[in-house]
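Notes follow the structure.
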Amino acid sequence: MKRIGIIGWPVEHSLSPVMHNAAFAALGLSDWHYERLPTPKEELVTRIENLIKEGFVGANVTVPHKQAVMPLLNNITLAARGIGAVNTIVIEEGRTEGYNTDSPGFMLDLAAQGVEVAGKRVLVLGAGGSAHAVVLGLANGGAHVTVVARRDNTAWELRNAVRRGVSKQLEIEVQSLSALPKIAPTVEAIVNTTPVGMWPNVDESLWPDEVPIPSGVVIYDLIYRPMQTKFMRQAEAAGARAIGGLGMLVYQGAAAFELWTGQQAPADVMRAAALEALK
């Protein structure tokens, strides 16, 4: 049995097991199994040790461990270092390597949605771990990125961390939340990386009602539960295009699947399984 697990606290809500087990079944990988590994902070070190002892071939890492797991691994890719977070672990011959598939997952979904970012001005809301992945992907893709967060210092830390993690100069600007009325009319896309609006707080939005969303922009909300957030409804009411975060979840999972198995992931099967679980 080739075991994969998701490490987090809590993990009961995770869609990853249903997505990956559906993918294994679709490709006839009957000896592969994906399971939940609920892990409080004080048990993280032991969990990583046990992955190796118990013969796991890999794992996903979710909140609150994406940063804390990094010093526990043997090697971390340059991209994951730039993002400052690991969400995927590959285990070979007792050695652990950390990857971040959130950034390619986000960019793959943008491409699938027909959204071009090269040369475009993109506003990113938030400065947490997900924001690091999104900003690195956008900036590497040639976008001019502006980061807005409730706390300015976290936005500056994000900018500096992402710039340290890559060899080329990236277009990343930092503004305060109070500057939204000035910034909004100048951008072509807006990405919400914060959990504001996530179930059960479905009537919340980080975007102030008094700041108009330009009708020609694309907004992308990383939240996928609910499928349509208040921010997405605000955007559609303004005539903008709104995209939810399920695609990013699927594509980051597909990228991890390929790292573990060496086979192309059946992304359509994974999406269908996730949608069924969300019903």
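At position 144 of the sequence shown (counting the first as 1) the number is 514 in this note's numbering, and the numbers step up by one without a gap. Positions of the beta carbon are idealized from the N, C-alpha and C atoms, including for glycine.
Practice task
Leaving out five residues on either side along the sequence, give the residues of the same chain with a beta carbon under 6 Å from the beta carbon of Val460.
Solution key: Taking the first residue of the sequence shown as 1, we reach residue 460 at position 90. The residues are Gly428, Glu467 and Leu629.
Exercise for the section: Name the residue from Leu414, Met640, Thr516 and Thr458 whose alpha carbon lies nearest to the alpha carbon of Leu397. Expected result: Sequence index remark: in the sequence shown, residue 397 carries index 27 (1-based). Comparing Cα-Cα distances from Leu397 to each of Leu414, Met640, Thr516 and Thr458, the minimum goes to Met640.
Exercise for the section: Within the same chain, show all residues whose beta-carbon is closer than 6 Å to that of Asn445, passing over the 5 residues directly before and after it, in chain order. Expected result: Position 75 of the sequence shown holds residue 445. Taken in chain order, the residues that qualify are Glu467.
Practice task
Enumerate in chain order the residues of its own chain whose CB-to-CB distance from Lys436 is below 7 Å, with the five nearest sequence positions on each side excluded.
Solution key: Stepping through the sequence shown from its first residue, residue 436 is reached at position 66. Taken in chain order, the residues that qualify are Ala455, Val456, Asn457 and Gly499.
Problem - Inter-residue spacing [alpha-carbon to alpha-carbon] between Arg529 and Glu606 - result: As a first step, residue 529 must be located in the sequence shown, where it is residue number 159. As a first step, residue 606 must be located in the sequence shown, where it is residue number 236. Those two C-alpha atoms are separated by around 30 Å.
Exercise for the section: Find out if the Cβ-Cβ distance for the pair Ile542, Val515 is shorter than 8 Å. Expected result: Taking the sequence shown and counting its residues from 1, the one referred to as residue 542 is at position 172. Taking the sequence shown and counting its residues from 1, the one referred to as residue 515 is at position 145. Contact flag set, yes.
Practice task
Have a look at Trp402 and Leu443 and give me their C-alpha separation to the nearest angstrom.
Solution key: Here the question's residue 402 lines up with position 32 in the sequence shown. Here the question's residue 443 lines up with position 73 in the sequence shown. So the alpha carbons of these two residues sit roughly 23 Å apart.
Problem - Element boundaries [beta strand (DSSP E), containing Ser546] - result: Sequence index remark: in the sequence shown, residue 546 carries index 176 (1-based). Note, Ser546: beta strand (DSSP E), Ile542 to Ser546.
Practice task
Please name the residue or residues paired with Glu405 in a DSSP beta bridge.
Solution key: Position 35 of the sequence shown holds residue 405. DSSP, once it has assigned bridges, lists Gly375 as partnering Glu405.
Exercise for the section: Drop a sphere of 10 angstroms on the beta-carbon of Lys552, count the other beta-carbons inside from all chains shown, and report buried for 16 or more, exposed for fewer. Expected result: As a first step, residue 552 is located in the sequence shown; it is residue number 182 there, counting from the start. Exposed: under 16 other Cβ atoms inside 10 Å.
Practice task
Spatial neighbours of Gly623 within its chain, please: CB distance less than 7 Å, with the 5 preceding and 5 following residues excluded, ordered by chain position.
Solution key: By 1-based counting over the sequence shown, the position of residue 623 is 253. So the qualifying residues of the chain are Ser386, Met389, His390 and Met640.
Practice task
Just the C-alpha distance for Gly452 and Phe476, rounded to the nearest angstrom, thanks.
Solution key: Sequence index remark: in the sequence shown, residue 452 carries index 82 (1-based). Sequence index remark: in the sequence shown, residue 476 carries index 106 (1-based). Looking at the two C-alpha atoms, the distance is approximately 16 Å.
Handout entry: Per-residue DSSP class, three states only, for Leu480
Key = Within the sequence shown, numbered from 1, the residue matching residue 480 stands at position 110. Helix at Leu480.
Practice task
Name the residue from Pro565, Val581, Pro582 and Glu580 whose alpha carbon lies nearest to the alpha carbon of Glu574.
Solution key: On the sequence shown, position 204 is the one that residue 574 refers to. Closest by alpha carbon: Pro565.
Exercise for the section: Decide if Ser473 is buried, meaning its Cβ has at least 16 other Cβ atoms within 10 Å, or exposed. Expected result: Numbered from 1 along the sequence shown, position 103 holds the residue referred to as residue 473. That one is buried.
Handout entry: C-beta atoms of Tyr621 and Asp479 nearer than 8 Å
Key = As a first step, residue 621 must be located in the sequence shown, where it is residue number 251. As a first step, residue 479 must be located in the sequence shown, where it is residue number 109. Contact: yes.
Handout entry: Where Arg595 sits in the DSSP three-state scheme
Key = Along the sequence shown, one-based indexing puts residue 595 at 225. In this structure, Arg595 counts as coil in the three-state DSSP scheme.
Problem - Under the three-state DSSP convention, the category His435 falls into - result: Position 65 of the sequence shown holds residue 435. Coil, per DSSP.
Handout entry: Selection from Lys423, Gly489, Gly484 and Gly378 that minimises the alpha carbon distance to Val439
Key = Taking the sequence shown and counting its residues from 1, the one referred to as residue 439 is at position 69. Looking at the Cα atoms, Gly378 is the closest of the given residues.
Handout entry: Status (buried if at least 16 other CB within 10 Å, exposed otherwise) for His502
Key = Looking up residue 502 in the sequence shown gives position 132. Buried, because 16 or more other Cβ atoms sit within 10 Å of the Cβ of His502.
Practice task
Just grab the DSSP bridge partners of Ala429 for me.
Solution key: Looking up residue 429 in the sequence shown gives position 59. Answer is Gly375 and Ile459, bridged to Ala429.
Handout entry: Closest Cα partner of Arg465 within the set Glu419, Ala393 and Gly632
Key = Taking the first residue of the sequence shown as position 1, residue 465 is located at position 95. The shortest C-alpha separation from Arg465 is found at Glu419.
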